[in-house]
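Working notes, structure below.
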Amino acid sequence: MGKQILYAVLALPLLAFMAFVGYHKVFSSIADLARYGAYTAHLPEWIGRILGIGEMASAAALLAGIMPGWRKGVTPAGIFIILSQILSSIIHVQHGERGALPQNAMVALVAALLIWLCRGRSSVSAESTAP
221 MGKQILYAVL
231 ALPLLAFMAF
241 VGYHKVFSSI
251 ADLARYGAYT
261 AHLPEWIGRI
271 LGIGEMASAA
281 ALLAGIMPGW
291 RKGVTPAGIF
301 IILSQILSSI
311 IHVQHGERGA
321 LPQNAMVALV
331 AALLIWLCRG
341 RSSVSAESTA
351 P
C-alpha cells in the first residue's frame with residue numbers, strides 16, 4: 221500500500237506537467253513555444269506536435285498506472301519521458317539554454333522512479349495473490 225501511495229504522489233504532479241506541456245506542444249503556436257522555452261520550438265513543427273501527443277499519452281498512461289491492472293503502460297510511458305528529456309537536454313544545450321537542465325533531470329528521475337515503483341508493485345501484487 222505504501223508503494224501505491226508513493227506512486228500516486230509522484231505520478232500526479234508529473235502527469236499533470238506532461239499533460240500541460242504536451243497540450244501546448246500540440247496546440248500552441250511555434251512563437252509561443254519559443255517564448256516559453258519549449259525545446260520543440262527548435263524542431264520541425266510536425267515533429268514537435270508528435271512529441272506533444274506522446275507527452276499527453278504518457279500522462280494518460282501514468283494516470284492509469286495508479287489503478288491496479290493498468291500498470292503495463294507505465295514502463296513505455298516512463299521510457300518515452302526519459303528519452304524526451306534526454307532529447308530536450310541535448311537541444312537546450314545546443315541553443316545555450318542550460319537553465320532547463322535541472323528540470324529535465326528531475327522529470328527523468330521521477331519517471332525512472334515511477335517505472336521502478338510500478339515494477340515493484342506488479343511483483344508484490346502477483347506474490348500476494350498467489351495461492
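When the letters of the sequence shown are read in order and numbered with my numbering, they come out as residues 221 to 351.
Using N, Cα and C, we set each Cβ at its ideal position, and we do this for glycine too.
The model shown is predicted, which means the values in this text are computed figures rather than measured ones.
First and last residue of the alpha helix (DSSP H) that includes residue i?
i	result
Ser-249	Per DSSP, Ser-249 belongs to no alpha helix (DSSP H) and is neither H nor E.
His-315	Run containing His-315: none; DSSP gives neither H nor E here.
Ile-270	265-284
For my contact list, residue i and residue j are in at a C-beta cut-off of 8 Å; report their separation, rounded to the angstrom.
i	j	result
Leu-282	Leu-234	6 Å
Ser-220	Leu-271	Here the chain has residues from 221 to 351 only, and residue 220 is not among them.
Glu-275	Met-326	About 15 Å separates the two Cβ atoms, so there is no contact after all.
Gly-285	Ala-231	6 Å
Ser-278	Phe-300	5 Å
Can you tell me whether residue i is helix, strand or coil according to DSSP?
i	result
Ile-301	helix
Gly-257	coil
Arg-339	helix
Gly-293	coil
Pro-288	coil
Met-221	coil
Validate contact between the region 304-313 and the region 250-263 using beta carbons, cut 8 Å, 3 pairs: yes
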